[in-house]
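Asks:
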Amino acid sequence: MHILLTNDDGPPDDNTSPYIKYFLDEVQRSTDWKVTIVIPNQQRSWIGKAHFAGRVLEVSYIYTLPSTESHNEGINSFEGPFAERHQSLRQTHQEWHLVNSTPAACADLGLHHLTSHDEPIDLVISGPNYGKNSGNLYILGSGTVGAAMEAVTHGAKAIALSYEFRSQAKDHNQLKEAAKLSLKIARKLHENLTKNFEVDLYSVNIPLVPSLDTNNTSVMYAPIQNNSWKSIYASLGNGRFGWAPDFKQVYKDGLVDAKHSDNRVLLNDNVSAYSIEVDYAEFLDDALDEAFELRQELETSKKTWILKPSMADKGQGIRLFRNTEELQAIFESFEEDVHESDDEGEQEGIMVSQLRHFVVQKYQENPLLLKFYNNRKFHLRVYAVAVGDISVFVYEEMLTLFAESTYMGVSDLEDLTSHLTNTCLQEGKDPLVIPFWQLAGLDSSKKNQIFDQVKCITGELFKAATSVDKINFQPLENALEFYGLDFLVDEDHSVKLLEVNAYPDFKQTGYELKGIIEKLMTSMAHLSAKQFFAEPLQDESNVLHLVFRNDFHPPKHAK
Numbered sequence: 001m002h003i004l005l006t007n008d009d010g011p012p013d014d015n016t017s018p019y020i021k022y023f024l025d026e027v028q029r030s031t032d033w034k035v036t037i038v039i040p041n042q043q044r045s046w047i048g049k050a051h052f053a054g055r056v057l058e059v060s061y062i063y064t065l066p067s068t069e070s071h072n073e074g075i076n077s078f079e080g081p082f083a084e085r086h087q088s089l090r091q092t093h094q095e096w097h098l099v100n101s102t103p104a105a106c107a108d109l110g111l112h113h114l115t116s117h118d119e120p121i122d123l124v125i126s127g128p129n130y131g132k133n134s135g136n137l138y139i140l141g142s143g144t145v146g147a148a149m150e151a152v153t154h155g156a157k158a159i160a161l162s163y164e165f166r167s168q169a170k171d172h173n174q175l176k177e178a179a180k181l182s183l184k185i186a187r188k189l190h191e192n193l194t195k196n197f198e199v200d201l202y203s204v205n206i207p208l209v210p211s212l213d214t215n216n217t218s219v220m221y222a223p224i225q226n227n228s229w230k231s232i233y234a235s236l237g238n239g240r241f242g243w244a245p246d247f248k249q250v251y252k253d254g255l256v257d258a259k260h261s262d263n264r265v266l267l268n269d270n271v272s273a274y275s276i277e278v279d280y281a282e283f284l285d286d287a288l289d290e291a292f293e294l295r296q297e298l299e300t301s302k303k304t305w306i307l308k309p310s311m312a313d314k315g316q317g318i319r320l321f322r323n324t325e326e327l328q329a330i331f332e333s334f335e336e337d338v339h340e341s342d343d344e345g346e347q348e349g350i351m352v353s354q355l356r357h358f359v360v361q362k363y364q365e366n367p368l369l370l371k372f373y374n375n376r377k378f379h380l381r382v383y384a385v386a387v388g389d390i391s392v393f394v395y396e397e398m399l400t401l402f403a404e405s406t407y408m409g410v411s412d413l414e415d416l417t418s419h420l421t422n423t424c425l426q427e428g429k430d431p432l433v434i435p436f437w438q439l440a441g442l443d444s445s446k447k448n449q450i451f452d453q454v455k456c457i458t459g460e461l462f463k464a465a466t467s468v469d470k471i472n473f474q475p476l477e478n479a480l481e482f483y484g485l486d487f488l489v490d491e492d493h494s495v496k497l498l499e500v501n502a503y504p505d506f507k508q509t510g511y512e513l514k515g516i517i518e519k520l521m522t523s524m525a526h527l528s529a530k531q532f533f534a535e536p537l538q539d540e541s542n543v544l545h546l547v548f549r550n551d552f553h554p555p556k557h558a559k
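Letter by letter, the sequence shown follows residues 1 to 559 in full-length UniProt numbering.
Printed below as a string of structure tokens:
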């Protein structure tokens, strides 16, 4: 179990961030969980799920020792901050990453860039927050909840944890008990999150009261109190306004609101928990703000775009759109489809967990069409073999996979049968799959020109993967891997890479063409034998073409 711990209160501090150290120590004292801590470098309360757009983020480090077993004056003390990691301190201390940004940014960096351990994050816990986050007024402005919501938009499950205090005094034993109860609740809610795909995060509020007891305090599910207030600013004159929220009135309003809610549960000295299912369409504006170039294109051009859920396969969830309104409608339709699937108990279709990350590409509107095949759009499936660390070969027996119906342009974006060439979408039918070199209506010179481009692009692709992205792409010395690369061919015979599949589905070849795969396997076996006997990697059958090796670069093709 690997958790990401973040907050909006910043580094441990007796006055502004007094709770997080107790919780961290309890986790490490009572579990074998691995913990990565990424928090703002200063208090960032009341900031919600905001990002500082355009700001360059910097990281510093502090280091702490377990300090909460008994009461002492140095519970929240630390060494640092340091501009760089201290490898020696990492071996003996708790490592904290401090980011000069918001809680949401900390969640992002902790999930993707900063870690104290190699394993992927299983759960994000934001908090414990210094103060409750119950009711609309607090939860919607909370940086603690904002960090948890940000984590969910990255595909993680999250818990936002907040402590309600009724006195500024810090009771050591009470905080230790709150930490124990927090951990107990986190264990239970993590179990729920792994089983219930409809829930993305829980917001938990724990009251710091004398009766707090891990074994006896009740934990209740409750809806968020629907409260409101007047302006939170007061006029200072001369066009100036000061921060002046009326927290006392909010508290009084809560006392008279007897309906079951998170706030009422706290008033009764119990723990409240509220489950939240994130509305992904709601975050479309945030996503487009980050992908500002795409937003600009959508607002100023008339191009057609293709949207793909990055975790889905077999053509599921692919849609076409031209503008922001159509994209918004697509996200709304996803939500409707998921709920209908849940209601009907279906096991097929798109899973909620697949609708977290998307790839958007410019749609190629002018594909090469061949009259012999009724002007149906097609893509090329190309198999590549990666040997060791790393030599890459392209298998020349490429396949041509055709769409179900004749391509009529982009006038109709709803009927995808003419746009999508994935044979999985033609289940129960007889999809058209033709060996590339047997295509009718395309002379040999054009075929060779296309194949040369395929080889060049594949070589450049693996060159980039082993240099620019070497952290995420690490081929092993004695490994053998297959890749399925898909390419589109435009009407001017230029080739464009569509996608790369690390686990290619050989069934797309079809039973009648299984000999193509058999030849691929035989050639690959010969290559692997040469590798282990230290012979030159050369395919004697001449069907595997070397396109990349660490000390080899293919010549660029002539257009």
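Glycine included, every Cβ here is placed at the ideal spot set by N, Cα and C.
Every value quoted in this text rests on a predicted model; they were computed, and no experiment measured them.
1. Sort Met-1, Gly-141, Leu-380 by Cα distance to Ile-450 and report the nearest one.
2. Take the Cβ of Arg-55 as the centre, count every other Cβ of all protein chains shown within 10 Å, and call the residue buried at 16 or more, exposed below.
3. Pair every Cβ in the stretch 409–425 with every Cβ in the stretch 387–398, then say whether three or more of these pairs are closer than 8 Å.
4. Are the beta-carbon atoms belonging to Gly-127 and Asn-7 less than 8 Å from one another?
5. My assumption, with CB atoms under 8 Å, is that Pro-435 sits in contact with Leu-513. Please give the rounded CB distance.
6. Please state whether the Cβ-Cβ distance between Gly-146 and Ile-47 is less than 8 Å.
7. Near Asn-375, what residues of its chain come up, given a Cβ to Cβ distance below 7 Å and the 5 sequence neighbours on each side ignored?
8. Counting only the same chain and skipping the five closest in sequence on each side, list residues whose C-beta sits under 8 Å from that of Asp-233.
9. Using the Cβ count rule (16 or more neighbours within 10 Å means buried), how would you classify Phe-331?
10. Do you know offhand how far Ile-185's Cα is from His-493's?
11. From Lys-455 to Ser-391, what does the alpha carbon distance come to, in whole angstroms?
12. Take every Cβ of the stretch 67–75, pair it with every Cβ of the stretch 33–48, and state whether three or more of those distances are shorter than 8 Å.
13. Roughly how many angstroms separate the alpha carbons of Pro-12 and Lys-157, rounded to a whole number?
14. Can you say whether Glu-79 is buried or exposed, counting buried as having 16 or more other CB atoms within 10 angstroms of its CB?
15. Given the structure, does Ala-158 come close to the ligand NAD, in the sense that its CB is under 7 Å from one of the ligand's heavy atoms?
16. Under a three-way DSSP split, which group does Asp-343 fall into?
17. Would you list the one or two residues that DSSP bridges to Leu-527?
18. At the level of alpha carbons, what is the spacing between Asp-269 and Ile-75?
19. What would DSSP say about Arg-264, mapped onto helix, strand or coil?
20. For the candidate residues Met-1, Phe-52, Asp-9, Val-35, whose alpha-carbon lies nearest to that of Glu-290?
21. When burial is assigned at 16 or more other CB atoms within 10 Å of the CB, is Gln-453 buried or exposed?
22. Can you tell me whether DSSP reads Met-398 as helix, strand or coil?
23. Report buried or exposed for Glu-518, applying the criterion of at least 16 other Cβ atoms within 10 angstroms of its Cβ.
24. Quick check: what's the CA-CA separation for residue 587 versus Trp-305?
25. Strictly by DSSP, which residues pair up with His-97?
26. How long is the line joining the alpha carbons of Lys-308 and Phe-358, rounded to whole angstroms?
27. So, for Gln-94: in the same chain, excluding its five sequence neighbours on each side, which residues have a beta-carbon less than 6 Å away from its beta-carbon?
28. Tell me whether Lys-377 sits in a helix, a strand or coil according to DSSP, three-state version.
29. Is DSSP giving Asp-9 helix, strand or coil here?
30. Would you grab the beta carbon distance between Leu-208 and Gln-174 for me? Rounded to a whole angstrom, and I think it's under 8 Å.
31. Could you have a look at Ala-464 and say whether DSSP puts it in helix, strand or coil?
32. Confirm, please, whether the CB-CB distance from Leu-109 to Val-38 is below 8 Å.
33. Note down the Cα distance separating Ile-516 from Asp-118, rounded to an integer number of angstroms.
34. Please return the same chain residues whose Cβ sits closer than 6 Å to the Cβ of Gly-345, not counting the five positions on each side in sequence.
35. Kindly indicate which three-state DSSP category Met-408 falls into: helix, strand or coil?
Replies: So, from the listed chains and residues:
1. On the sequence shown, residue 450 is found 450 positions in, with the first residue counted as 1. Nearest option by C-alpha distance: Leu-380.
2. Residue numbering aside, residue 55 sits at position 55 when the sequence shown is read from its first letter. Exposed, because fewer than 16 other Cβ atoms sit within 10 Å of the Cβ of Arg-55.
3. no
4. If you number the sequence shown from 1, residue 127 lands on position 127. If you number the sequence shown from 1, residue 7 lands on position 7. Yes.
5. If you number the sequence shown from 1, residue 435 lands on position 435. If you number the sequence shown from 1, residue 513 lands on position 513. The Cβ separation is near 7 Å, so the contact holds.
6. The residue you call residue 146 lines up with position 146 of the sequence shown. The residue you call residue 47 lines up with position 47 of the sequence shown. If you check the CB distance, Gly-146 and Ile-47 come in under 8 Å.
7. One-based indexing of the sequence shown puts residue 375 at position 375. Contacts found: Leu-369, Thr-406, Tyr-407.
8. Within the sequence shown, numbered from 1, the residue matching residue 233 stands at position 233. Here the sequence assigns Tyr to residue 233, which means Asp is not the residue at that position. So the qualifying residues of the chain are Phe-241, Gly-242, Trp-243, Ala-244.
9. Counting from one through the sequence shown, the residue named residue 331 turns up at place 331. With 16 or more other Cβ atoms within 10 Å, it is buried.
10. Reading the sequence shown from its first residue, position 185 is the one you call residue 185. Reading the sequence shown from its first residue, position 493 is the one you call residue 493. Going from the Cα of Ile-185 to the Cα of His-493 covers about 60 Å.
11. Locating residue 455 in the sequence shown gives position 455, counting from the first residue. Locating residue 391 in the sequence shown gives position 391, counting from the first residue. Each residue's Cα considered, the two are about 13 Å apart.
12. By the Cβ test, the stretch 67–75 is not in contact with the stretch 33–48, since fewer than three Cβ pairs between them sit closer than 8 Å.
13. The residue labelled residue 12 in the question sits at position 12 within the sequence shown. The residue labelled residue 157 in the question sits at position 157 within the sequence shown. Between Pro-12 and Lys-157, the C-alpha separation is close to 25 Å.
14. As a first step, residue 79 must be located in the sequence shown, where it is residue number 79. Exposed.
15. Although the ligand NAD was asked about, the structure shown includes no ligands whatsoever.
16. For the purposes of this step, residue 343 is identified with residue 343 of the sequence shown, where counting begins at 1. Only weak support is given to the placement of Asp-343: the predicted model assigns it a pLDDT of 46, under 50, and the value that follows is read from those uncertain coordinates. Looking at Asp-343 - three-state DSSP - the assignment turns out to be helix.
17. Against the sequence shown, residue 527 aligns to sequence position 527. Bridge partners of Leu-527: none, in fact.
18. In the sequence shown, the residue the question calls residue 269 occupies position 269. In the sequence shown, the residue the question calls residue 75 occupies position 75. Answer to the nearest angstrom: the Cα atoms are 27 Å apart.
19. Taking the sequence shown and counting its residues from 1, one reaches residue 264 at position 264. Looking at Arg-264 - three-state DSSP - the assignment turns out to be helix.
20. Numbered from 1 along the sequence shown, position 290 holds the residue referred to as residue 290. Measuring from the Cα of Glu-290, the nearest candidate turns out to be Phe-52.
21. Position 453 of the sequence shown, counting from 1, holds the residue named residue 453. Counting Cβ neighbours within 10 Å, Gln-453 comes out buried, since at least 16 surround it.
22. Here residue 398 corresponds to residue number 398 of the sequence shown, with the count starting at 1. Coil.
23. Counting from one through the sequence shown, the residue named residue 518 turns up at place 518. Answer is exposed; the Cβ neighbour count stays below 16.
24. What the structure shows of the chain is the stretch from 1 to 559, and residue 587 is not part of that stretch, so it cannot be assessed.
25. Indexing the sequence shown from 1 puts residue 97 at position 97. Note: His-97 sits in a beta bridge opposite Val-38, Tyr-61.
26. Counted from its first residue, the sequence shown places residue 308 at position 308. Counted from its first residue, the sequence shown places residue 358 at position 358. For Lys-308 and Phe-358, the gap between their C-alpha atoms comes out near 5 Å.
27. For this step, residue 94 is matched to residue 94 along the sequence shown. Once the five neighbours on either side are set aside, the close Cβ partners of Gln-94 are Thr-64.
28. Taking the sequence shown and counting its residues from 1, the one referred to as residue 377 is at position 377. It is a strand residue.
29. Taking the sequence shown and counting its residues from 1, the one referred to as residue 9 is at position 9. Asp-9 falls in the coil class under three-state DSSP.
30. As a working note, residue 208 is residue 208 in the sequence shown. As a working note, residue 174 is residue 174 in the sequence shown. At roughly 6 Å, the Cβ-Cβ gap stays under 8 Å, so Leu-208 and Gln-174 are in contact.
31. Indexing the sequence shown from 1 puts residue 464 at position 464. Ala-464 falls in the helix class under three-state DSSP.
32. Numbered from its first residue, the sequence shown carries residue 38 at position 38. Numbered from its first residue, the sequence shown carries residue 109 at position 109. It is a contact, given that the beta carbons lie within the stated cut-off.
33. Start at 1 with the first residue of the sequence shown, and residue 516 comes out as number 516. Start at 1 with the first residue of the sequence shown, and residue 118 comes out as number 118. Approximately 40 Å, taken between the alpha carbons.
34. Indexing the sequence shown from 1 puts residue 345 at position 345. With a pLDDT of 42 at Gly-345, under the threshold of 50, the predicted position of this residue should be treated as unreliable, though the coordinate-derived value follows. Excluding residues within five positions, none has a Cβ falling inside 6 Å.
35. For the purposes of this step, residue 408 is taken as the residue at position 408 of the sequence shown. Residue state, collapsed to three classes: coil.
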